[in-house]
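Asker: Here it is, the structure, as structure tokens.
2 protein chains.
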Amino acid sequence: MARINEHYAKLPASYLFPEIGRRVRAYQAEHPDAKVIRLGIGDVTEPLAPAIVAAMHAAVDEMGKRETFRGYGPEQGYDFLVDAIRKADYASRGVEIAADEIFVSDGSKCDSSNIQEIFALAARVAVTDPVYPVYVDSNVMAGRTGPSGADGRYPGLVYLVGNEANGFQPEPPAEAVDVVYLCSPNNPTGTVATRAQLERWVAWARKHDAVILFDAAYESYISDPALPRSIYEIEGAKECAIELRSFSKRAGFTGVRCAFIVVPKTVTGTDPAGKRVSLNALWARRHTTKFNGASYVVQRGAAAAYSPEGLAQTQQQIAFYMENARLLREGLTAAGFTIFGGTHAPYLWLRTANGASSWEFFDRLLNESQIVGTPGAGFGPAGEGYFRLSAFNSRANIEEAIGRIRRAFR
Amino acid sequence: MARINEHYAKLPASYLFPEIGRRVRAYQAEHPDAKVIRLGIGDVTEPLAPAIVAAMHAAVDEMGKRETFRGYGPEQGYDFLVDAIRKADYASRGVEIAADEIFVSDGSKCDSSNIQEIFALAARVAVTDPVYPVYVDSNVMAGRTGPSGADGRYPGLVYLVGNEANGFQPEPPAEAVDVVYLCSPNNPTGTVATRAQLERWVAWARKHDAVILFDAAYESYISDPALPRSIYEIEGAKECAIELRSFSKRAGFTGVRCAFIVVPKTVTGTDPAGKRVSLNALWARRHTTKFNGASYVVQRGAAAAYSPEGLAQTQQQIAFYMENARLLREGLTAAGFTIFGGTHAPYLWLRTANGASSWEFFDRLLNESQIVGTPGAGFGPAGEGYFRLSAFNSRANIEEAIGRIRRAFR
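These protein sequence lines map, in sequence, to chains E and L.
Under the numbering used here, the first residue of the first sequence is numbered 1, with each subsequent residue one higher.
Under the numbering used here, the first residue of the second sequence is numbered 1, with each subsequent residue one higher.
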């Protein structure tokens, strides 16, 4: 008989976004004329930048000619993209990253769910709460936890609570863990870690010999030049941190698919005999054995995001979304809401009105304002009583949404 | 301290293809004028078909306009591609596969290394020998084996030996296993399973309640219409088999990246309480949690391979490679070699000359004929004494290679 992975059964039957979809479909079936505005899932709406479109066309043409056709590429990514990343994202900010410390992939969701594989099954893993569900679910599926408790938490994971008192940026835990997932600018809370906060994390990781998995998928949305955009801007981080980056939100690649992960050769783990092992070597093994490189056409598109034109065009898109975020923040504050995030991230995290639960607020916003957001409780117990709105939409829809919310909640 | 996955250390330090690359580079450094012909790695050489190029251009244009831009797509793949697969690959051969039994991905290497995740760590896994290394390595990395023995085999795996006596198509094992990987047309041996052989496999799987992971990445190279191209052409296979397909070799997508996996809802495994669980539900969970859909532009390209023009153009490419295979097979037979495969697959599997080891023959072919192939021993102990040549190259290079081999080995 074929014995199955029993750990999958520990996951909740209904995932957050399908449940949202179900409720929206039910509402629309009853109100076919309602114009629903979606500020739920964090998906971009602006088209690809012209420089990226041009680069992808050129790459498609190359693939159509024998002399320039490309078959299997290097699993770690083409030099033209790796070099652009190394220079523009790191060297320009004083961080030296070697080419073989960068691994191009088809998406951060894959990277952030696959990275746990290089750690022991017994590794103790810490996550923040609220949290991007993929960090948790991938560890549950790997068998690092027990079944979830009544509070929705998994025994075996260490939860670090983000709340208003700590600005949704929890401090390092007192206890030792092997691995911690951090996300800044944060999904879902839209808050960002300061240099001082990251310095405390790096000091903690080095003291406890822990590894930080730093998800910087939203770093392009940081508007204050004093804030670190990479954890490697912190002294000592190259000894303890792996960084994840994505083109999804910085270049509109959610449907194009490209991301990368940085694993410095100086980050080590420990094998059962107590020997130090380079995590770069482990990830290189994982990446080359189980992945066959990102699409050539896609990598050419990603590289174009670093060209002067591509950079200017994508920065304009980011500025557009961040103006949406500013309007939402100001409009909702004026409507009486307490808002977090939305200054260095395309997400706003708001306290629900009148102490409503996240899902009560979801239903009220859908029914009264025809607006879809994401219940904070979907990101963990500490998200209860909060709600995520995304700034990815047209200006007209954002303005319409603000007007509707102000009318409904004045 | 960060405890690492100790099982990675069980893998051999040097993987097959990097070692080949090392020896070729060393040879070329000493013989800078030598014109080396590469028949080693199984990578296509013909450019993308015009219909595919046109479809990808159109998709890039769509992504560049607000009205037609696409963000996150359905994780399982777009309907236009899933429907094309369902109709052209299955319904046309009398096999009913539902849309939600098909999962589009970015490559068969990912699918074939990820599929083991849905089975228990204790699951007993069988592979053929010789074998595509990814099946073995992904199970080693997951911790299903002990350290490899002196013969290069991993305790914990069941090896089914392919040899000349069984035409490199081993019969089902007497013992019970949970899961078996089959590949037909076979990589590396180029041999193909007959209907009768697949019927014995399906009967065996149903008797032992085992699951067959059927890798049909090379099905487009089957030239005999009587041979099954899908395992689902065998009665009862939808109760016991998962099938993997790829656009890499059928449409020249090794650098474009698209594949799919079929998990019928009727294939079940067993949980620790003895309850039947649908593998389709498990894989859907894995796919949606850890993957974010294949690139839209790529999926449009893959769908174009099913259009009348795309089909005609890609079939012409396959015919071109298969004519290469025929020339190689006849030329090498005339040179005195014993050849297997190459009739329904782009690979030839040849017995080395004069009982040389696989690597001795590799060195001799490189030094005397400036031809790179793949040592059979790289695919497992039973590959020792054999050698794989790929038919992916220009006609001129194939003819040149045949001439060189005939001169060196006459």
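Yeah, the Cβ is synthetic: ideal placement off N, Cα and C, and Gly gets one too.
All values derive from a computational prediction rather than experimental measurement.
Are any of the Cβ atoms in chain L nearer than 7 Å to that of D111(E)?
Answerer: Mapped onto the first sequence, residue 111(E) falls at position 111. No, D111(E) does not count as interfacial toward chain L.
Asker: Are the region 53-62 of chain L and the region 44-62 of chain E touching, with three or more C-beta to C-beta distances below 8 Å?
Answerer: A contact exists between the region 53-62 of chain L and the region 44-62 of chain E.
Asker: Report yes if the C-beta distance between Y181(E) and V267(E) is below 7 Å; otherwise report no.
Answerer: The residue given as residue 181(E) occupies position 181 in the first sequence. The residue given as residue 267(E) occupies position 267 in the first sequence. Going by C-beta atoms, Y181(E) is not nearer than 7 Å to V267(E).
Asker: Runs of 4 residues minimum, wholly inside the region 244-302 of chain E: which ones carry the alpha helix (DSSP H) assignment?
Answerer: As far as the region 244-302 of chain E is concerned, its whole alpha helix (DSSP H) runs of at least 4 residues are 279-290.
Asker: Whole-angstrom Cβ separation of V256(L) and A2(E), contact assumed at under 8 Å?
Answerer: Position 256 of the second sequence holds residue 256(L). Position 2 of the first sequence holds residue 2(E). Rounded, the Cβ-Cβ distance is 33 Å, inconsistent with contact.
Asker: For a cutoff of 7 Å on Cβ pairs, would you count T194(E) as touching chain L?
Answerer: Taking the first sequence and counting its residues from 1, one reaches residue 194(E) at position 194. Chain L contact via Cβ: absent.
Asker: Count the other CB atoms within 10 Å of the CB of R66(L); is the residue buried (16 or more) or exposed (fewer)?
Answerer: Against the second sequence, residue 66(L) aligns to sequence position 66. Result: exposed.
Asker: Using the three-state DSSP reduction, which class does F119(E) fall into: helix, strand or coil?
Answerer: Reading the first sequence from its first residue, position 119 is the one you call residue 119(E). Reduced to three states, the DSSP call for F119(E) is strand.
Asker: Just the chain L side, please: which residues come within less than 7 Å of H57(E) by C-beta, in chain order?
Answerer: Counting from 1 along the first sequence, the entry for residue 57(E) is found at position 57. Going along chain L in sequence order, the residues near H57(E) (Cβ under 7 Å) are H57, V60.
Asker: Evaluate K249(L) with the Cβ neighbour count: other Cβ atoms within 10 Å of its Cβ, from every protein chain shown; 16 or more gives buried, anything less gives exposed.
Answerer: The residue given as residue 249(L) occupies position 249 in the second sequence. Result: buried.
Asker: Residues in its own chain within less than 6 Å of G385(L) by CB, not counting five upstream and five downstream?
Answerer: If you number the second sequence from 1, residue 385(L) lands on position 385. Same-chain partners within the cutoff: T352.
Asker: For the region 313-329 of chain L against the region 107-119 of chain L, do three or more pairs of beta-carbon atoms, one drawn from each stretch, fall closer than 8 Å, so that the two count as touching?
Answerer: Contact between the region 313-329 of chain L and the region 107-119 of chain L is absent, because fewer than three Cβ pairs lie under 8 Å.
Asker: Considering only C-alpha positions, which residue in the set Q76(E), R22(E), P18(E) is nearest to C258(E)?
Answerer: The residue given as residue 258(E) occupies position 258 in the first sequence. When only C-alpha atoms are compared, the closest one is Q76(E).
Asker: With 16 as the cutoff for other CB atoms within 10 Å, does H7(L) come out buried or exposed?
Answerer: Position 7 of the second sequence, counted from the start, is the residue given in the question as residue 7(L). The residue is buried, with at least 16 neighbouring Cβ atoms inside 10 Å.
Asker: Hey, quick one: how far does the alpha helix (DSSP H) through S369(L) stretch, first residue to last?
Answerer: The sequence position of residue 369(L) within the second sequence is 369, counting from 1. Where S369(L) is concerned, the enclosing alpha helix (DSSP H) stretches over 358-369.
Asker: Output the residue ranges of the beta strand (DSSP E) runs that lie fully inside the region 186-225 of chain E and measure 3 residues or longer, sorted by chain position.
Answerer: The region 186-225 of chain E contains these whole beta strand (DSSP E) runs: 211-215.
Asker: Tell me whether D129(E) sits in a helix, a strand or coil according to DSSP, three-state version.
Answerer: Here the question's residue 129(E) lines up with position 129 in the first sequence. Strand, per DSSP.
Asker: Establish whether the CB of K265(L) and some CB of chain E are separated by less than 7 Å.
Answerer: What you label residue 265(L) is simply residue 265 of the second sequence in a count that begins at 1. Answer no: the Cβ-Cβ gap between K265(L) and chain E never drops below 7 Å.
Asker: Nearest chain L C-beta to L182(E) closer than 7 Å, yes or no?
Answerer: Here residue 182(E) corresponds to residue number 182 of the first sequence, with the count starting at 1. For L182(E), the answer is no, since every Cβ of chain L falls outside 7 Å of its Cβ.
Asker: I need the boundaries of the beta strand (DSSP E) containing F387(E), first residue and last residue.
Answerer: The count along the first sequence starts at 1 and reaches residue 387(E) at position 387. 386-390 is the span of the beta strand (DSSP E), which, as asked, contains F387(E).
Asker: Tell me, to the nearest whole angstrom, how far the beta carbon of Y232(E) is from that of I97(E); I am working on the premise that it is less than 8 Å.
Answerer: Translated into the one-based positions of the first sequence, residue 232(E) becomes position 232. Translated into the one-based positions of the first sequence, residue 97(E) becomes position 97. Y232(E) to I97(E), Cβ: 7 Å. Contact.
Asker: Between F291(L) and chain E, is there a C-beta pair that is closer than 7 Å?
Answerer: Taking the second sequence and counting its residues from 1, one reaches residue 291(L) at position 291. By this cut-off, F291(L) is an interface position.
Asker: Go through its chain and collect everything with a Cβ distance to V177(E)'s Cβ below 7 Å, but skip five positions before and after it.
Answerer: Reading the first sequence from its first residue, position 177 is the one you call residue 177(E). Counting only Cβ-Cβ distances below 7 Å, and skipping sequence neighbours, we find R124, V125, A126, V158, A210.
Asker: Listed from N- to C-terminal order along the chain, which residues in the region 268-290 of chain E have their beta-carbon within a distance smaller than 8 Å of any beta-carbon of chain L?
Answerer: So the list reads T268, G269, T270, D271, P272, V277, L279, L282, R285, R286, T288, T289, K290, given in the order they occur along the chain.
Asker: So for A241(L), helix, strand or coil by DSSP?
Answerer: Counting from 1 along the second sequence, the entry for residue 241(L) is found at position 241. Three-state result, A241(L): strand.
Asker: How is T343(E) classed by DSSP in three states: helix, strand or coil?
Answerer: Reading the first sequence from its first residue, position 343 is the one you call residue 343(E). Of the three classes helix, strand and coil, the one that applies to T343(E) here is coil, per DSSP.
Asker: Assuming N393(L) contacts I37(L) (C-beta within less than 8 Å), just tell me the rounded distance between them.
Answerer: Within the second sequence, residue 393(L) is the residue found at index 393, counting from 1. Within the second sequence, residue 37(L) is the residue found at index 37, counting from 1. With a Cβ gap of about 7 Å, N393(L) and I37(L) count as contacting.
Asker: Taking 7 Å as the limit between beta carbons, can you name the residues of its chain near L365(E), skipping five residues before and five after?
Answerer: The residue labelled residue 365(E) in the question sits at position 365 within the first sequence. Excluding residues within five positions, the ones whose Cβ falls inside 7 Å are I371, G373.
Asker: Terminal residues of the continuous alpha helix (DSSP H) containing I398(E)?
Answerer: Position 398 of the first sequence, counted from the start, is the residue given in the question as residue 398(E). Segment 395-409, the alpha helix (DSSP H) holding I398(E).
Asker: Using a C-beta cutoff of 7 Å, does V140(E) count as contacting chain L?
Answerer: For this step, residue 140(E) is matched to residue 140 along the first sequence. False, the Cβ-Cβ gap to chain L never drops below 7 Å.
Asker: Tell me the rounded alpha-carbon separation between G376(E) and Q197(E).
Answerer: Taking the first sequence and counting its residues from 1, the one referred to as residue 376(E) is at position 376. Taking the first sequence and counting its residues from 1, the one referred to as residue 197(E) is at position 197. If you take the alpha carbons of G376(E) and Q197(E), they lie about 23 Å apart.
Asker: State yes or no: is the beta carbon of D100(L) nearer than 7 Å to at least one beta carbon in chain E?
Answerer: Against the second sequence, residue 100(L) aligns to sequence position 100. False, the Cβ-Cβ gap to chain E never drops below 7 Å.
Asker: Do D43(L) and G71(E) have their C-beta atoms closer together than 7 Å?
Answerer: Position 43 of the second sequence, counted from the first residue, corresponds to residue 43(L). Position 71 of the first sequence, counted from the first residue, corresponds to residue 71(E). In this structure, G71(E) lies closer than 7 Å to D43(L) by Cβ.
Asker: Please confirm whether A120(L) and N5(E) have their CB atoms less than 7 Å apart.
Answerer: Here residue 120(L) refers to the residue found at position 120 of the second sequence. Here residue 5(E) refers to the residue found at position 5 of the first sequence. Their beta carbons are under 7 Å apart, which means A120(L) touches N5(E) by this criterion.
Asker: Tell me the rounded alpha-carbon separation between A9(E) and F17(L).
Answerer: For the purposes of this step, residue 9(E) is identified with residue 9 of the first sequence, where counting begins at 1. For the purposes of this step, residue 17(L) is identified with residue 17 of the second sequence, where counting begins at 1. So the alpha carbons of these two residues sit roughly 38 Å apart.
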